[in-house]
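**Student:**
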Amino acid sequence: MSTEPNAAETAPPQAPTEEPSPPPSTSSECTNGGVALSRRKQKKANKVTQRIRVVNGSVDVQVQQTNDDSVVSKRSAVTQGYIRDKFLRHFVKKPSRRSPLINRGYYLRMAIMTDLVVRLVKSYLDAPERQTEVLEGAPCPPPVQVLSLGAGYDTLAFRLLLDSVDVLAVGDKCAGASASSSSSSLSPSAPVSFPGGEVLFIDVDFPAVLMAKAALMAAAPSQTFPEDWHLRPQSADCPIRSPHYSAVGVDLRFASTELLPRLHQHGPTGFVATNPTIIYAECVMQYMPPKDAAQLLALLAAGLPNAVFIAYDQVSPLDSFGRVMQNTLRQKNSPLLGVQFCPDGAHMVRRACAAGMCRAWWADFYRISTFCFAGEERKRVEALEDFDELEEWSEMCEHYGITLATTPLVWDSVATNGCAAHPAFMEYSVDGVACITGVESLPQGTEAIKGTLHNWPSARYGFEGWGNGGVAVEPLSNGDRLLVSFGGFAAGKQHQRVNTVYVHSLQEGELRVVVAGEQSDGAATAGLAACTTHPPPLVFHTFSRVAPRTFLVWGGRSNPSAPSNEAFLLTLDVPDMVSLGSIVTARWRVLCVGSDDRHRCRPSPRYRHSMVNLGGTADKATLLLVGGKTSGVNAAVALECFRVTVCMRRFTISYEALDCTAAGGHLPPPLHSAAAIALSSDAVLISGGVLLGRDACNPHLWQLRLSTKEWFCVPMRLGEGRYAHSLTPVTVNRQEYLLILGGSSWAEKSHVLPALLVPFSLFESNTGSETAAAVAVPVSLPADAPWWSRHSCVTLGQGVVGVIGGGYTCFSFGTFAAKPQLLFLGDIVEESAWRPRFPSACSSNVGRGDGRRTVTALEPVYSYEELLSKPWPAVREVMHYSAAAFLEAATAATQPVVFRNVPLGACLSTWGSSAYLKETEGNTTVSVHVAEKSQLLDFARKNFSFRRVTLAQLVQHTEEATDLFCKTRGTPSETWYYRSIASRMKNERSNVWTDFPALGKDFVLPPGAKEYIEPRLHQSCLRMSAPPLQLWTHYDTLDNVLCQIVGTKRVVLFPPSEYNNLYVTGSSSAVINLEAPDLVRYPRFIEACRAAQQVILRPGDVLFFPAMWFHHVTTLLPDVEPVESAAATMLAPYNMSVNVFYRHFSDTAAYDAKDLYGNKDILAVTRIREDLQSAVRCVLTNPRLTSAADAPVLPPNYVEFAVRHFLQDLEGTASAVADAQRGTGTCFDTQTPASHSLPKKRE
């Protein structure tokens, strides 16, 4: 190996990098020596040590660095023994262990590309046409040329020239003909190499990448590369050259003019464009602009006439995985520029043929994985690492594929033996139509039922992830329902398996769950002990409701080699009335196995099984356990079933293995990841599932009759099989159906309908006899609907299904975790069955002035007006603004003040024109709050979602909503509210002058306020809404001014002293409807209203209110009261204001630097709270009866009483502080016990 000059001295500096962060595996969770890595450690482990810093690269360096990302993952696969490659270690000095999903994915990529190249090289070398050329006068057969486009640090040429590769020998069976043909006779063949000069290799990539490659090769130990390999890291044209290999620097965007000339100039000796050539490109074509990619294909078709082109590419950009993939690469400044133009194999083939290729084939990775993972090779790979990332594997197979295409003069024998004969590839016609399908066709002939998706009705759901065993519904007496689940893989910040109990109220949102400590009542049965620990973190267990507020957790796993067959009983203590902040107590018991019946046996440890409740009594519950996956080899020939009996009084569980027969001659095969449902206490239905030991799905519905222990295959056409889906009973248009939703598959998603409805009547008449197959009813979902897998569904009413959880790791691009949504089916939707029962804002006069309401027959007999201390007094008013008046209010900062007729600039005359807003900033993208069928925005319960729209769309929507409310008092189905945020919302604050430069010049702060606020400015945000929107009551930690520009608002304010009376969560109050508050649930709100103030804001008004003052804002119509200005009484088309936040204290160190929205308490307030909490914890740590060290511990009831007594004293202290500030009480003395100076009751 020779270098020019000393390569060790010229190697570019190196810097670490990392791949698009793959989260820990969903199965083995990226273990290191069997221990799960934290996210921080995993991120650190992902860092690569070989990022080459190259100056003056030809294109965006970020695109070049995708090469660095992939080579690290290839090295991980090599290190774990998936594939043999002794050269990769020279390009990644420090290996980083990837998840089993990444390792298998890159192994499959390397294996299939190696297989294709070797297969085609052999086809060319053995082609009769090659020998014919010699007979026709050629001095020797032409060499076969292997051209790698976008080669990066690819080592295939090195392995074939200087070492050898292991390839797979294909037997007689066609591995790719069917998803079920995984037993094809694939076995390792003898290693293959081509060192003799019959094959020439050329790597083509950006000059900067190949220069870095040469530098790393030069730094490798001596003898790694032969002496006749010339390494010139500073040569951009040809940094590596040898007799049979060259690295040629070409920017493929300019391939039409540069590629062929440079190949002839710098390629190995003997390179001729007309020689037989194999061209392969791994993850190259989709990064190119579509026009450039098409031109490159046309150049290859015309310039290399006897060639086979191989392209490994990403596809399917529009589903959940595809969106994550695109967003991640876009954030890395490496967008997939061509994936929208060529989203699937048909488009790939069509583009190749349009560019001049004569024949083309396509293979998705479903077929490729079936081809590669078979026979002994499958056993070898499965023995390397635990692997249970099945859904992730299916998603990866959906989103990658390979195109084979031949140029016009390719030898017929090569096209036949090297391309058409490959069992994984399917030939397409020139118009992109597959010549054969080989897959189950979709059910046809039934009109689809429309499905629409809607926001979740209450707070964000506590669990986002998968593998939690399902969600149980617990009905409450007030009509509310609790959704209960346990464990699973939490895909949020934790990103790991959890053993958390989640309880979610449809009306109140997430509830706090406290797990009771060790319970022992001394009355346990002999040999039975109370549970001292709750279950470990589990995934793929089952979670079943067996009695009111009682649930069974069975089986599951921690990692794939550690399944469980333990049973845990969970009981919940739920308050009679659930409200925001309610505490639910969870108690666990381990169930002991009963052994009083010799026919009963305990199922082996398993996960991915199914369990359904068959009914029972108050003391006993009967369930059916079906299928599942175990850690060992499962020798069962049919689906395993166990009848499970749970005794809740004795805390025991017993099992009975069912020996079932087939009514129609066939038994369901062993399955896991199937969906099951009890049709009655005697009938159970099984749908889908993965066939154990095979990459194939069950496409059938199986019905088990328990009384006769007979299986029937339900005659129903469902298309391709699926797994990890849901099966849910639902009423649609007054007819009973089963909803089959989502799931993963071993076939392309285009052959799997995302949602189907199966009529219930089909199961009532099913006898197992031969009948014509019925066709399921398809459900048409929105184009942007998620592709659910590993999710749960709950029926919430007629035509309403809650879809909860689900998701998967999207290979190396990140994680898709489905947000909970409501799925509406059909034309009849029973909204009252699931929607929170908030009083309607439109039943009152809200939206029209000061909130005076008309009492209807539905009103309670007592007067809200009296209870709520109405009418509330007005905020102090300054009719003529002056700088001195503002400074007086701002410096004191104790009471709100409204300033009338304030000069705020041209915005008062221009912003009321929708045409002006659309013209100036209409294309600006904004994020709006969207609430469905509610004008009460509730931050505590999160009854809204966020949507990105243009400002023009926002203006149009609010204008139409205002007009609708004005004419009919009606409101649109969606309420939009806008509060501006910075474009980089995670690290910048909103600023109306920079975020909206065209509008910002119209708005000015008045004299006095401008000079005072600007040095203290925290943020300024634009607000926009339509009546009768009500914004949740909350406080800000900064002083601020609310400047009304267009329309009218009412603001109700409460002083900080009312904190405990407003039921605050975070910085927001749970009381959202001030017109008709729930005084049963929030009785202390009556006390808060005694301190309330209110003000009506019109254009030109500025409301100053100090930090920590609670405020509730209602958007009104402007025609409430006559005002001096005639223009002001004209109907405003919407409501706009500017809110300017600023620091009260000039010392910025007093504030949290990470506070972007003005809702984090200042550091001193946080410090006081933490000091008080620390002092209380210290006092309550092992409190004793006397001061003696050996005195007994004080009983908990005495401790609780002391704490509650202290809380009352502390409230008195806080009230004394408030009275001292208002000047209504004695001066606050920290030395005086609060109980001695309780404040007088406010009248």
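Each residue of the sequence shown is one higher than the one before, starting from 197 at the first, in our numbering.
Virtual Cβ for every residue (Gly too), placed ideally from N, Cα, C.
Everything numeric in this text was worked out from a predicted model, so none of it was measured.
Taking the C-alpha atoms as reference points, what is the distance between Ser221 and Gly939?
**Tutor:** Because the pLDDT at Ser221 is just 38, under 50, the model does not fix this residue reliably, and the value given afterwards should be weighed accordingly. Going from the Cα of Ser221 to the Cα of Gly939 covers about 19 angstroms.
**Student:** Is there contact here, the stretch 1288-1296 with the stretch 808-827, by at least three beta-carbon pairs under 8 angstroms?
**Tutor:** Because the criterion of three Cβ pairs below 8 angstroms is not met, the stretch 1288-1296 and the stretch 808-827 do not touch.
**Student:** Quick test of your reading: Met1304 and Tyr1231, contact by CB under 8 angstroms. State the CB separation rounded to the nearest angstrom.
**Tutor:** Rounded, the Cβ-Cβ distance is 5 angstroms, consistent with contact.
**Student:** In the structure shown, what three-state DSSP assignment does Leu953 receive?
**Tutor:** Looking at Leu953 - three-state DSSP - the assignment turns out to be strand.
**Student:** Quick one, which of Thr1244, Arg1280, Val1247 has its alpha-carbon nearest Val1260's?
**Tutor:** Residue Arg1280 is the option with its Cα nearest to Val1260.
**Student:** Have a look at Leu343 and Ala494 and give me their C-alpha separation to the nearest angstrom.
**Tutor:** Going by the C-alpha atoms only, they are around 16 angstroms apart.
**Student:** Assuming Leu937 contacts Ser922 (C-beta within less than 8 angstroms), just tell me the rounded distance between them.
**Tutor:** The pair is a contact, with the Cβ atoms about 5 angstroms apart (cut-off 8 angstroms).
**Student:** Given 8 angstroms as the limit, is there contact between the stretch 305-319 and the stretch 441-449, that is, 3 or more CB pairs closer than that?
**Tutor:** No, the stretch 305-319 is not in contact with the stretch 441-449.
**Student:** Taking all protein chains shown into account, do 16 or more other C-beta atoms lie within 10 angstroms of the C-beta of Ile779, making it buried, or fewer, making it exposed?
**Tutor:** Classification of Ile779: exposed, given that the 10 Å Cβ count is below 16.
**Student:** Tell me Tyr851's beta-bridge partners as DSSP assigns them.
**Tutor:** Its beta-bridge partners are Val840.
**Student:** For Met1181, does the count of other Cβ atoms within 10 angstroms reach 16, so buried, or fall short, so exposed?
**Tutor:** Met1181 comes out exposed.
**Student:** Distance check for Ala507 and Ala556, CA to CA, integer angstroms please.
**Tutor:** Approximately 11 angstroms, taken between the alpha carbons.
**Student:** Report yes if the CB atom of Ala870 is closer than 8 angstroms to the CB atom of Gly823, and no otherwise.
**Tutor:** Yes; because the gap between Cβ atoms is below 8 angstroms, this pair is in contact.
**Student:** Note the first and the last residue of the continuous alpha helix (DSSP H) segment covering Arg526.
**Tutor:** Per DSSP, Arg526 belongs to the alpha helix (DSSP H) from 516-527.
**Student:** For the structure I just gave you, are there three or more beta carbon pairs, one from the stretch 514-521 and one from the stretch 456-463, closer than 8 angstroms?
**Tutor:** Short answer: they don't touch.
**Student:** Using DSSP with H/G/I as helix, E/B as strand and the rest coil, what is Gly1196?
**Tutor:** Of the three classes helix, strand and coil, the one that applies to Gly1196 here is helix, per DSSP.
**Student:** If you pair each beta-carbon of the stretch 1124-1136 with each one of the stretch 646-666, do three or more pairs fall below 8 angstroms?
**Tutor:** Contact holds: three or more Cβ-Cβ distances are below 8 angstroms.
**Student:** CB Thr602 to CB Met544, shorter than 8 angstroms?
**Tutor:** No, these two residues do not count as a Cβ contact at 8 angstroms.
**Student:** Tell me the residue span of the alpha helix (DSSP H) that contains Gly571.
**Tutor:** Residues 571-578.
**Student:** Can we count Asn1119 as close to the ligand ZN, meaning its CB is less than 7 angstroms from some heavy atom?
**Tutor:** What this structure holds is no ligand at all, so the ligand ZN is not there to describe.
**Student:** Tell me the residue span of the alpha helix (DSSP H) that contains His1125.
**Tutor:** Note, His1125: premise wrong, no alpha helix (DSSP H); beta strand (DSSP E) at 1121-1128.
**Student:** In whole angstroms, what is the alpha-carbon distance linking Trp750 and Ser806?
**Tutor:** The alpha-carbon atoms of Trp750 and Ser806 are separated by roughly 10 angstroms.
**Student:** Using DSSP with H/G/I as helix, E/B as strand and the rest coil, what is Lys689?
**Tutor:** Lys689 falls in the coil class under three-state DSSP.
**Student:** Does DSSP put Lys282 in a helix, a strand or coil?
**Tutor:** Note: Lys282 maps to coil in three-state DSSP.
**Student:** When you compare only the Cα positions, how much space is there between His700 and Phe747?
**Tutor:** So the two alpha carbons sit approximately 15 angstroms from each other.
**Student:** Note down, in chain order, each residue of its chain lying with its Cβ closer than 7 angstroms to the Cβ of Tyr1112, except the 5 sequence neighbours on either side.
**Tutor:** Within the same chain, Tyr1112 has close Cβ partners Thr1106.
**Student:** Please give the ranges of any beta strand (DSSP E) in the stretch 644-705, keeping only runs that are unbroken, at least 3 residues long and fully inside the region.
**Tutor:** If we require 3 residues or more, the beta strand (DSSP E) runs fully inside the stretch 644-705 come out as 645-651, 668-671, 677-686, 692-701.
**Student:** Using a Cβ-Cβ cutoff of less than 7 angstroms, which residues in the same chain neighbour Arg677 once the five nearest sequence positions on both sides are dropped?
**Tutor:** Counting only Cβ-Cβ distances below 7 angstroms, and skipping sequence neighbours, we find Val669, Glu670, Pro671, Leu702.
**Student:** Is the CB-CB distance between Ala410 and Pro439 below 8 angstroms?
**Tutor:** No, these two residues do not count as a Cβ contact at 8 angstroms.
**Student:** Pick helix, strand or coil for Ser379, following the three-state DSSP scheme.
**Tutor:** Residue placement at Ser379 cannot be trusted, given a pLDDT of 35 that sits under 50; what the coordinates show is reported in the next sentence. If DSSP states are grouped into helix, strand and coil, Ser379 belongs with coil.
**Student:** Exposed or buried, what is Thr904 when buried is set at 16 or more other beta-carbons lying within 10 Å of its beta-carbon?
**Tutor:** Burial call: exposed.
**Student:** Going by beta carbon distance, what residues of the same chain come within less than 6 angstroms of Phe1095, once the five residues before and after it are set aside?
**Tutor:** Excluding sequence neighbours, Phe1095 sits near Val1074, Tyr1077, Val1298.
**Student:** Is it true that the CB of Val1389 sits closer than 8 angstroms to the CB of Asn168?
**Tutor:** Residue 168 cannot be examined here, being either before or after the span of the chain that is shown, 197 to 1439.
**Student:** Across the stretch 573-590 and the stretch 279-290, are there enough close Cβ pairs to call them in contact, namely three or more that are closer than 8 angstroms?
**Tutor:** Because the criterion of three Cβ pairs below 8 angstroms is not met, the stretch 573-590 and the stretch 279-290 do not touch.
**Student:** Given Arg1072, which residues of its chain have a CB within under 8 angstroms of its CB, disregarding the five upstream and five downstream residues?
**Tutor:** Here the set comprises Gln1091, Pro1092, Val1093, Val1094.
**Student:** For Cys1038, collect the residues of the same chain with a Cβ closer than 8 angstroms to its Cβ; drop the 5 residues on either side in sequence, then sort them by chain order.
**Tutor:** Residue placement at Cys1038 is flagged as unreliable, the pLDDT there being 41, under the threshold of 50; a coordinate-derived value is accordingly withheld.
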